[in-house]
Each structure stands twice: as structure tokens, then as C-alpha cells.
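Protein chains: 2
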Amino acid sequence: MIDSIRERTERPLAQRDATHDPARKSWVASANTSETDFPIQNLPLGVFSTDGTDPRCGVAIGDAVLDLSAAFAAGLVTHRAVTESSLAALMAQGRAASAALRAEVSALLTQGSPAQAQADALLVPMAAARMHLPATIRNFSDFMVSYDHCLRSGRRRDPENPLPPAFRQLPVAYHSRASSVRVSGEAVIRPHGQWRRQDGTMQFGPTEAMDYELEMAIWIAGDNALGAPVPMSAAPDRIFGYGLLNDWSVRDVQRWEMPPLGPFLGKSVSTSVSPWIVTAEALAPFEVPAPVQDPPALPHLDSPWNRSNGALSVRMTAAILTARMRAEGMEPFLLTDTQFADMYWTAATMVAHHTSNGCNLLSGDLLGSGTVSGPEEIARACLAEINQTGAVTLPTGETRRWIEDGDEIVFRGRAEAPGAVPIGFGECRGVLQPAIAWPA
Amino acid sequence: MIDSIRERTERPLAQRDATHDPARKSWVASANTSETDFPIQNLPLGVFSTDGTDPRCGVAIGDAVLDLSAAFAAGLVTHRAVTESSLAALMAQGRAASAALRAEVSALLTQGSPAQAQADALLVPMAAARMHLPATIRNFSDFMVSYDHCLRSGRRRDPENPLPPAFRQLPVAYHSRASSVRVSGEAVIRPHGQWRRQDGTMQFGPTEAMDYELEMAIWIAGDNALGAPVPMSAAPDRIFGYGLLNDWSVRDVQRWEMPPLGPFLGKSVSTSVSPWIVTAEALAPFEVPAPVQDPPALPHLDSPWNRSNGALSVRMTAAILTARMRAEGMEPFLLTDTQFADMYWTAATMVAHHTSNGCNLLSGDLLGSGTVSGPEEIARACLAEINQTGAVTLPTGETRRWIEDGDEIVFRGRAEAPGAVPIGFGECRGVLQPAIAWPA
Chain A
1 MIDSIRERTE RPLAQRDATH DPARKSWVAS ANTSETDFPI QNLPLGVFST DGTDPRCGVA
61 IGDAVLDLSA AFAAGLVTHR AVTESSLAAL MAQGRAASAA LRAEVSALLT QGSPAQAQAD
121 ALLVPMAAAR MHLPATIRNF SDFMVSYDHC LRSGRRRDPE NPLPPAFRQL PVAYHSRASS
181 VRVSGEAVIR PHGQWRRQDG TMQFGPTEAM DYELEMAIWI AGDNALGAPV PMSAAPDRIF
241 GYGLLNDWSV RDVQRWEMPP LGPFLGKSVS TSVSPWIVTA EALAPFEVPA PVQDPPALPH
301 LDSPWNRSNG ALSVRMTAAI LTARMRAEGM EPFLLTDTQF ADMYWTAATM VAHHTSNGCN
361 LLSGDLLGSG TVSGPEEIAR ACLAEINQTG AVTLPTGETR RWIEDGDEIV FRGRAEAPGA
421 VPIGFGECRG VLQPAIAWPA
Chain B
1 MIDSIRERTE RPLAQRDATH DPARKSWVAS ANTSETDFPI QNLPLGVFST DGTDPRCGVA
61 IGDAVLDLSA AFAAGLVTHR AVTESSLAAL MAQGRAASAA LRAEVSALLT QGSPAQAQAD
121 ALLVPMAAAR MHLPATIRNF SDFMVSYDHC LRSGRRRDPE NPLPPAFRQL PVAYHSRASS
181 VRVSGEAVIR PHGQWRRQDG TMQFGPTEAM DYELEMAIWI AGDNALGAPV PMSAAPDRIF
241 GYGLLNDWSV RDVQRWEMPP LGPFLGKSVS TSVSPWIVTA EALAPFEVPA PVQDPPALPH
301 LDSPWNRSNG ALSVRMTAAI LTARMRAEGM EPFLLTDTQF ADMYWTAATM VAHHTSNGCN
361 LLSGDLLGSG TVSGPEEIAR ACLAEINQTG AVTLPTGETR RWIEDGDEIV FRGRAEAPGA
421 VPIGFGECRG VLQPAIAWPA
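So the protein sequences, as listed, match chains A and B. The UniProt record's numbering puts the first residue of the first sequence at 1, with every later residue one more than the last. The UniProt record's numbering puts the first residue of the second sequence at 1, with every later residue one more than the last.
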């Protein structure tokens, strides 16, 4: 069964334009190294501030940020939307605007640009930039499109029928909480919650089962009116870009509260997103065929483009850094190494399904892919899957079934394809803080 | 079992102030009739416009609307927040602000007010007012706190264990969709959706099972920071006011998509809310003891105030008006007549539970109570419950298992208590329009 999901035709490279040319170099030297997440082929968008300045839009290039608001004021880019304190205005203008901006910024930062001196003065060292949420989240929907995640988590509930009944017919999803989405780096507080212990007694107190879920964030461009579904032919153009998302999960609470209306407080403690949005344009060289589906998707969730280009080849990792590891100067320990292209449903099908009842998806809305687990042992993308085979032993000798106070979870992502310059997603990080004293 | 839920201590009237005085009359004559929803003891808040004017805040009084923005400009009320085009700014200021505004407006509209002539010039006939959403919905969470609704709908899934496992331990809820909330009067389009037919074949097309759910809308005042739970002692003050809410439901889609993550497209087609928010202050005389809970709620969901005053005595009705009934000049036919005070969990427990994990509830957030069903036959508050005993036969001879194209669903609500002037909620209406042709 897993084999049929992973079966694909040959992966062709999507059409590229000059902004993807592997020979293109930037006059920002740090963007030309093989280690950087942010070569000139990437140009992800974010919102940043520096000490004493207001948040504004920027582009990551090597180890610097180009101030787009200042670049507009200097006449170097022409999209007034980048002068806002969030990317919402640009997202509202749709994909044509972000593609045109990409072309302008790529030319500006390429070696030999006549405006190099002017633009160089508008660079901010990334170490001096404080990152903000790319946009205020208006709506957040979280999907569950990993076959292997469903298989492993479903076996606990029903060993005979682990997959949700509708899993092969539609991208399963639930509405999640917009107000608690936070940018990478903001702490997460161990929540209180209620659950039933195995002996049947009720418990209310700090969770004993805090988990991460390694997910892809999908940011929406443009708006459809309520009552106007987005067909598959138009769905790809509703995707502004991608980032990393940690869907912090409270497993004891979640398991107790879920039947029949789904997760609620188990998911609304906090959701962390990476600050840089890798645009759909930047990811064109990493488009690969969608997994073969069995049975075939119904027509409203199918398109030739989706079959040939609907998936994205992005390697995603999760690692843990405990307080002791940090004190001993150690690197984060790898927990998960997985591949976004393995998801059973693509981002375009999420958009088409979500709007198929006429629901209005708004610019700046956030979709989560759900836990990006694959069939390999190392591709278990949350501790609930990992600890099914026992606790993790860390290089310090510490063991983990769940996240402990002081632990930091670090996500990274990197798009890779033959003949293309790899591009990265930066990081999505968060440290778990101890529970508060319950208010009197 | 039902008896224990409905057992209460004697229902005392909550403390009232002068604004609740049954002897108080308005110089607006239509506010002094026994039929009006909007006597001077009510003073609900909403957002309205008239032909060629912008949306602004108003108060309903009899068959008129007092323009609060103009009243501020004339120096008749002192809260600048009412000059906004939504109630969000007033909601953000918390309950003290809305209580002070109520006292001002009550004095202004009472017989003998020295400012009567000035205020009279600021009245707009309600028939000329177009109503808008009270505020942009930032987050919408929908609860399920009716014992009788859970019992009836759960029996279909599991006759032996119809209640959700956590039902008696916490107010069960799910995140719902904010972008598709609309004000009363806006049409609802029969949605397309996917489900599995009884013969096992998959179906995608216009739903064959469109339903209403008669719910109470609960509007949130003030904000709590992420990570800062609202204890029961502070929860009542986070409730700005109440309205009617139709949680339009797509039953074939919902049943197919729900396991295990809960409802998604079955609930995001549209949600209708009544335009007038009856404030928590106005409802003080209608506070009654919460139902006795068995087992007792855990301490974080319990308070003396909640036990004595946490429930609200509001009679709620749903009626249907088919196209043929409309053509024949008939009145809407009563489908549901139910009582909000019967809910197993109160609005204060919803706030305390929702924030118990640190989730930030924001001013303008919307909570739905879930279907307000009671034990009586007429208190079945959705067609999925009603049609368990067969189709409804209407006075025209038409029958209904589900809502048909052209049918209008009409909700009304009225708070009643001994010795108090009854106050109404106005209406929440919506007509079901035919499905669109699926986009090519």
C-alpha cells in the first residue's frame, strides 16, 4: 500500500525563468555559499524590525535582509504593498504581484546590478533583524495528509482500520485556532489541561504529554467570494508561499477531548511558524509529480498540472536541544528527517477541497499540511509516532518520550532538485517553558 | 438522568439597577408596547447604515435605531468607541465601558430626558436601517453543551454510549470558521460537497441534507494574553453579550468527513448571526442557577456565581417559511421552541474552559453555544433531531426532512423572568438559494 503511494512517474523539473538560473550570483557574497538557505534563487519574504524601528517587509539574501520598504522609497522596487507592516497587502494582490516583485528584487541583487551601491545601503544584517509574523492570521486550517502519520496514529485507535474513512477521498482537515499562531522564537508555555487517567479518575493540571508536529505552512494569496469555489485549475495560483509550522500538541488533552468534534485545546496552546515565506515562484524548480492515488481522486480534486507538478520536493527536519545539551554546547539532536513530496494530497487539492463548499479562503489565511511523516523510521514527524518504539535516548544520556521544560524544538527545511540551486526555509524554533501557577 | 440535569434551586432574580426598572418607560412610544423586542430595558447594540451612509453603531429602541455616532458628536454619549464602523472598539474596552454606555443611553431615552428633542432627531426608523455584522469575526469556536442534542445525535452513532466521553467533564467544542460568518438576511447557497452513499459509491454534488442549528451567539469582551487563563471568577466579565446564531449544517458531508478531526466543510458554508447584541448587562434580570451537574464540575469550571447565576432564561424558537407559504401569505411554521437555561454548561464555563490552556480569547471573538435542544419534542433544535421521528408536515401539505431551495429559516429569542420586562433578540433569518453550476 505504501508502495503505491510513493510510486511516481519520472520527476521532471518545472519550467524555470531567469530568476532560477543556477549560474546567477548575487553581489551579496554570503548568498553565494553552498550552505546558505538564502541564495539569490530563493528571495523569501518576511517582516522584520531592528532596535527602535517599526516592522516592515524584507527579503532574505545570504546573511542579510533587504529592507523592501526603503527600497520602494528609493525607487528600486515598484510595489507599494511592501511598505506595509505586514505581507497582507502583497498577498491580497495575488500571485502576479509577487512574481513581478521577485523579478525586480532578483535583478536588483544580481551581480552587476547598476543599483548595487544604492541597495547595499539598504541591507540589514540578519543577526540584527527581529522577525515578526508575516501577516495577522485571519483563519488557520490544519490538514492531515500524511498516509504514514495516519497509519501510525490510527493504529492506536483502531488497529484494523487505522486510516480515517475519508483519507483516500479528500484531504482531511479541521479548523484550528488563528489567535495563538506565533512567530518562531516565541516561547511556548506548558499548558494546563484536563484528561482522564487510565484508572478512570479525572485530572486537571500541567500536561504530561507535550509534543511537536513537523508541518508545512501554506500561505494563501488572494480571496474568493463566499459561495464561489476555487476549481483545481485555479487552485495553484492561490498559494502565496510556504514555511515551516510547529503544531504544538497536547496529547493527553487531545485524546480525551477529541470524540466526536476533533481537537480543540490540544491544538490552541500555540502554533509556531517560520518567519520567511518561500514563495511559490521560488519553488517552481522543486515541483514534482503528485503521488499516484488509489482510488483516483474525484474530478474536483484532480488536474493534469497537479498530477505532473502538484508536489514539492522539500526535505524537512526536526531536532531537539535540551537545556543540558545547550549548557554543554551541543548541536540539536535529529529526531525527524522527512520529505514533503510524500504527502498523499497536495497543497492545490487542499485549496480546492477547502473552497469546494463555497468557503471563502482569504489572503493571509494559513493552512497547515499536518504532520509530514514518511514511511522510514527517521521520518516519524512527532513524538507520538516516535515513542511508539520507545523513548528517544539523546547524546547526553537523557531520554525523552515527550518534550520537557527547557527543551527547544528546531525545524529546518530545504528544497532540493537535480540541476537547481538548493533553497532553504530558515528555522522554526521554540522553547517549552514551565507551566504557570494556576490563577486563584 | 434528564431529571438530574434539569434540577435547579429556586430561580432568584439577579440584582438589577435602575436600567432594569420595569416601571421605566421611553419617550419612544413603540418601545413601550408589550410586543416589542426592544423596550428601554433592552438597548441592544448593533451596526447599521442607511442608503448612502457608512456603517455606524446604533441602539435598538422600539421600532427605531438611535445613531450612537451622531449621539457622540452631539455630546449625548461620551464613549468615542461608538463612532467606529464596528463594535470591536467598544468590545475591546471590556464590560465597564458597555455598562457605562448602557446607563447613559438609558437615561437619554427615558421619558422626561432633557435631551429628548436632540436625541429624537438622531432616530432612524428600523425599517430604513440596513444591518451589518457587529464586528469582524477574528475567531469563532462552536460548543456542544446540550445534553438532549448530544443524546439524540449520539444515538445514531452509538446507541449504548450516545454522549461524547468528555460531555459531563467539560464543555465540548471545536474551532469553527470565522470568514464565513454573515449577518442575518444574507442568503445561503446550497453547497457542493463530497460524501459516501449507502451503496458505498462516492458522491460529489449539491448536498441533499441541508440543516439549521438553533444556537446562542456569545460575543467576547476584552482580551487575555496568550498563556494567561481566565479563571471562573473572571469569566463572566469576558462576555459582552448574546445573539442568535444559525450554524447551517451540511449533514451528508459532515457525517462523512468527521472522523477523527471533527466537522469541517459541513460547517463552513455560512454561519448567520442576528445583528443586535443583547448585552450581558441587559440580561442580568434573566440570570438563573446553572443546572445541577453530575458529577460536579472540576474546580476550574466551577464557581458560586456560576451555580447561582450562570444560566440565562431565554426562550428560543426556529420556524420555516417555504416559498409556497410565502406566496400564500402565511406566517413561518414553528419547528423548535426551546430554552437556553437548559444547557448543561454555561457561557462562563465556556470562557474558562477555552482559555484554560492559555489560549487567548480576543474581543470580538464569537462563541456558539451549539444546538440548543431540550428534552421536549418541540425542543429539538435542528432537522437532524426532528426528522428522527419522521418528516415535518407543513400547513401547506408540503413535507420537509431537510431544508429545500427557497426555504427561509427564522430564529427568534426572548428573555423572560418574573417581575422583569421581557426583552427580545430580534431575528436571525436566511433563505437557502439553489446550488451554483460547478465551475469548469
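Cβ coordinates follow ideal geometry from the N, Cα and C atoms, glycine included.
Exercise for the section: Assign D148 (chain B) to buried or exposed, taking buried as 16 or more other Cβ atoms, counted over all protein chains shown, within 10 Å of its Cβ. Expected result: Under the 10 Å beta carbon count, D148 (chain B) is surrounded by 16 or more other beta carbons and is classified as buried.
Exercise for the section: Tell me D211 (chain A)'s beta-bridge partners as DSSP assigns them. Expected result: DSSP, once it has assigned bridges, lists A:S249 as partnering D211 (chain A).
Handout entry: Rounded separation between T393 (chain B) and R190 (chain B) - CA only
Key = Looking at the two C-alpha atoms, the distance is approximately 22 angstroms.
Handout entry: Contact list for A166 (chain B) against chain A, beta-carbon separation under 7 angstroms
Key = Under the 7 angstroms cutoff, chain A gives W256, E257.
Exercise for the section: If I'm right that C150 (chain B) touches P162 (chain B) with Cβ under 8 angstroms, what's the distance once you round it to whole angstroms? Expected result: Yes, C150 (chain B) and P162 (chain B) are in contact; Cβ-Cβ is about 7 angstroms, under 8 angstroms.
Exercise for the section: Verify the CB distance criterion: does P285 (chain A) have a CB-CB separation below 8 angstroms to chain B? Expected result: Contact with chain B is absent for P285 (chain A), since none of that chain's Cβ atoms lies less than 8 angstroms from the residue's Cβ.
Problem - Environment of R95 (chain B) [buried if 16+ CB atoms lie within 10 Å] - result: In this structure R95 (chain B) is buried. Its beta-carbon is surrounded by 16 or more other beta-carbon atoms within 10 angstroms.
Practice task
Taking all protein chains shown into account, decide if G205 (chain A) is buried (16 or more other Cβ within 10 angstroms of its Cβ) or exposed.
Solution key: The residue is exposed, with fewer than 16 neighbouring Cβ atoms inside 10 Å.
Problem - Three CB pairs or more closer than 8 angstroms across the stretch 352-363 of chain A and the stretch 318-331 of chain A - result: As far as the Cβ criterion goes, the stretch 352-363 of chain A does not touch the stretch 318-331 of chain A, which means the pair count is below three.
Problem - Separation of A129 (chain B) from S141 (chain A), as counted between CA atoms - result: In a straight line, the C-alpha of S141 (chain A) is about 35 angstroms away from that of A129 (chain B).
Practice task
Indicate the three-state DSSP secondary structure (helix, strand or coil) for A403 (chain A) in the structure shown.
Solution key: The residue asked about is misnamed: residue 403 (chain A) is Ile in this sequence, not Ala. Look at I403 (chain A) here: in three-state DSSP terms it is coil, with no helix or strand label.
Practice task
Kindly say whether I403 (chain A), judged by its beta-carbon, lies nearer than 8 angstroms to any beta-carbon of chain B.
Solution key: For I403 (chain A), the answer is no, since every Cβ of chain B falls outside 8 angstroms of its Cβ.
Problem - Reduced DSSP secondary structure (H/G/I, E/B, other) of R429 (chain B) - result: DSSP places R429 (chain B) in strand when its eight states are reduced to three.
Exercise for the section: Give the straight-line distance between the Cα atoms of S98 (chain B) and G185 (chain B), rounded to the nearest whole angstrom. Expected result: Distance between the alpha carbons of S98 (chain B) and G185 (chain B): 26 angstroms.
Problem - Three-way DSSP call (helix, strand, coil) for Q203 (chain A) in this model - result: Here Q203 (chain A) sits in strand by DSSP.
Handout entry: Residues that DSSP places opposite D365 (chain A) in a beta bridge
Key = DSSP, once it has assigned bridges, lists no residue as partnering D365 (chain A).
Problem - Contact check, I61 (chain B) vs A29 (chain B), beta carbons under 8 angstroms - result: Not a contact, by the Cβ cut-off of 8 angstroms.
Handout entry: S176 (chain B) classed as buried or exposed, judged by whether at least 16 other C-beta atoms fall within 10 angstroms
Key = By the 10 Å Cβ count, S176 (chain B) comes out buried.
Practice task
Closer than 8 angstroms by beta-carbon distance: list the chain A residues that pair up with C359 (chain B), in chain order.
Solution key: Ordered by position in chain A, the residues that pass the 8 angstroms Cβ test against C359 (chain B) are R177, S179, S180, L265, S268, V269.
Exercise for the section: May I ask you to list the residues that DSSP assigns as paired with R56 (chain A)? Expected result: BP columns for R56 (chain A) point to A:F48.
Problem - Continuous alpha helix (DSSP H) stretch holding G154 (chain A): start and end - result: Counting along the chain, the alpha helix (DSSP H) containing G154 (chain A) begins and ends at 147-157.
Exercise for the section: Name, please, each residue of chain B whose Cβ falls closer than 7 angstroms to the Cβ of P439 (chain A). Expected result: By Cβ distance, chain B contributes P229, P231.
Exercise for the section: Going by DSSP, name the residue or residues bridged to I277 (chain B). Expected result: Answer is B:L45, bridged to I277 (chain B).
Practice task
Pair every Cβ in the stretch 258-271 of chain A with every Cβ in the stretch 255-270 of chain B, then say whether three or more of these pairs are closer than 8 angstroms.
Solution key: Judged by Cβ distances under 8 angstroms, the stretch 258-271 of chain A makes contact with the stretch 255-270 of chain B, as three or more pairs qualify.
Handout entry: CB contact below 8 angstroms: F340 (chain A) versus chain B
Key = Taking Cβ atoms only, chain B never reaches closer than 8 angstroms to F340 (chain A), which makes this a no.
Exercise for the section: Using a Cβ-Cβ cut-off of less than 9 angstroms, give me the residues of the UniProt domain "Fumarylacetoacetase N-terminal" (41-134) of chain B that come near chain A, in sequence order. Expected result: Only those residues of the UniProt domain "Fumarylacetoacetase N-terminal" (41-134) of chain B whose C-beta falls short of 9 angstroms from the nearest C-beta of chain A would be listed, and there are none.
Exercise for the section: Can you grab the Cα-Cα spacing for the pair I2 (chain A) / L244 (chain B), in whole Å? Expected result: Bear in mind that a pLDDT of 35 at I2 (chain A), under 50, signals an unreliable position, so the number given afterwards is only what the model happens to contain. Cα to Cα, I2 (chain A) sits roughly 48 angstroms from L244 (chain B).
Practice task
Look at the alpha carbon of H192 (chain B) and the alpha carbon of A437 (chain B), and state the distance between them as a whole number of angstroms.
Solution key: Rounded to whole angstroms, the gap between the alpha carbons of H192 (chain B) and A437 (chain B) is 10 angstroms.
Practice task
Could you check the C-alpha separation between P171 (chain B) and V250 (chain B) for me, to the nearest Å?
Solution key: Looking at the backbone, the Cα of P171 (chain B) and that of V250 (chain B) are separated by about 23 angstroms.
Problem - Residue closest to F333 (chain B), alpha-carbon to alpha-carbon, out of B:G46, B:A384, B:I378 - result: The residue with the shortest Cα to Cα distance from F333 (chain B) is B:I378.
Practice task
State yes or no: is the beta carbon of G430 (chain B) nearer than 8 angstroms to at least one beta carbon in chain A?
Solution key: So no, G430 (chain B) is outside the interface.
Problem - N139 (chain B) versus A187 (chain B): straight-line alpha-carbon distance, rounded - result: Cα to Cα, N139 (chain B) sits roughly 22 angstroms from A187 (chain B).
Exercise for the section: Specify the secondary structure class of G390 (chain B) as computed by DSSP and reduced to three states. Expected result: Reduced to three states, the DSSP call for G390 (chain B) is coil.
Exercise for the section: Just the C-alpha distance for A18 (chain B) and V421 (chain B), rounded to the nearest angstrom, thanks. Expected result: As the crow flies, the alpha-carbon of A18 (chain B) is around 13 angstroms from that of V421 (chain B).
Handout entry: Chain-ordered neighbours of M202 (chain B) on chain A, where CB pairs are closer than 7 angstroms
Key = Taking a Cβ-Cβ threshold of 7 angstroms, the residues of chain A close to M202 (chain B) are Q169, L298, in chain order.
Exercise for the section: Find out if the Cβ-Cβ distance for the pair V320 (chain B), D407 (chain B) is shorter than 8 angstroms. Expected result: Inspection of the sequence shows that residue 320 (chain B) is occupied by Ile rather than by Val. Yes, Cβ-Cβ distance for I320 (chain B) and D407 (chain B) is below 8 angstroms.
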